[in-house]
Structure formats: structure tokens, C-alpha cells
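Numbers in the working numbering are just positions in the sequence shown, counted from 1, shifted up by 793.
Ideal Cβ placement from N, Cα and C applies to all residues, glycine included.
Scroll down for the structure; my scribbles are underneath it.
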Amino acid sequence: MEFEDLYQDIILDHYKNPRNFGKIENGTCELHHENPSCGDSITIYLKVEEGIVKDVKFSGRGCAISMASASMMTEMVQGQPIEKVLNLSDKIMEMLRGEIEPEEVGDLGELEALKGVRQFPMRVKCATLAWHTLNDALKENTKK
Ligand code: ZN
């Protein structure tokens, strides 16, 4: 498998046209994380009401994998209960790190396009950055 195979059309599409890119005014929490090994930088904005992720957006910059992963993430967790999102983000990070198989996560949707990073240890942190940030943001949010 060539490195270029990582950059499938679907990843490039999310990179060039990121979904839910921007800030949320009056959100319930925001969190910033960086991946120094690649230079990826991301901030997640959340609006959580009654245990549901009512809105999620992200801003930042980085490589195609980090931005595409964040874009896909916002689409997958929009409108979902916190507990479900925490569980999903844990599983997706485990899958991207190669600890469990993609099939064990369930329906990956477009995120299937990112499973190729499993073969490139240097890129795993790019793909997990958004999920890691979301996970931490939700945990902070529930502490309030
Ligand atoms: Zn990166």
C-alpha cells in the first residue's frame, strides 16, 4: 500500500470542504489540543443540552488527515447522547491505533476512509487528534 492511498477522494473532500468548520457562540465548552509531531492544531466547540450534543464545530489547521477526521467527527456525533459519543470516540481511537478491528466499532460511515492510518504509526495521532479533543471536552463538560 502506497502512502498516497491514505489520501482517498473522501479525505480530500473533507479537507477542502470541512463540515461544521467555525466557532459556536454561547457554547457549553471548547477545548484546544495539538499534535506537535505533525503541527496539527484543533479547537472543538460544543453545545451540550440535557446530555445531548446539540451542536459541534471545530476550527484549526493541520494536515489533510487531521482536518478530515475532525470534519467527519462533527457529522457523526451531531445530535447524539454524550454517553454514546464517549463510547464511540474511545472505540474509534482504539481502532485507529490498531488495537481493535474496524468491524468492532460498528458503522464507520465515511470514517472508513481513515482506517488506512493504522499502517502508518506517525499518522495515527493526526487521525485521533479530533476524537481525543472531543472526548476530553465532553468529560470536562460533564464535570460542570
Ligand atoms: Zn497531521
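**Message:** For K918 and N828, I'd like the C-alpha separation in whole angstroms.
**Reply:** For K918 and N828, the gap between their C-alpha atoms comes out near 7 Å.
request  = Would you kindly report the start and end of the unbroken alpha helix (DSSP H) that includes D802?
outcome  = D802 to K809
L889, DSSP secondary structure in three states:
helix
What would DSSP say about D900, mapped onto helix, strand or coil? coil
On the DSSP bridge assignment, give the partners of S834 in chain order. E827 and R854
Worksheet entry | Touching by the beta-carbon criterion (3+ pairs, under 8 Å), the region 820 to 827 and the region 898 to 915 | no
Option in K847, H925, L889 and E905 with minimal Cα separation from I790: The shown model of the chain, from 794 to 937, leaves out residue 790, and the question about it has no answer.
For E842, which of helix, strand or coil comes out of DSSP?
strand
Per-residue DSSP class, three states only, for K847: strand
* Asked: For the ligand ZN, any of its heavy atoms closer than 7 Å to the Cβ of G940?
  -> The structure shown has nothing for residue 940, since the chain only spans 794 to 937.
Legend entry - Pick from S864, E896 and P895 that is closest to G853, judged by C-alpha positions: For G853, the nearest C-alpha among the options comes from S864.
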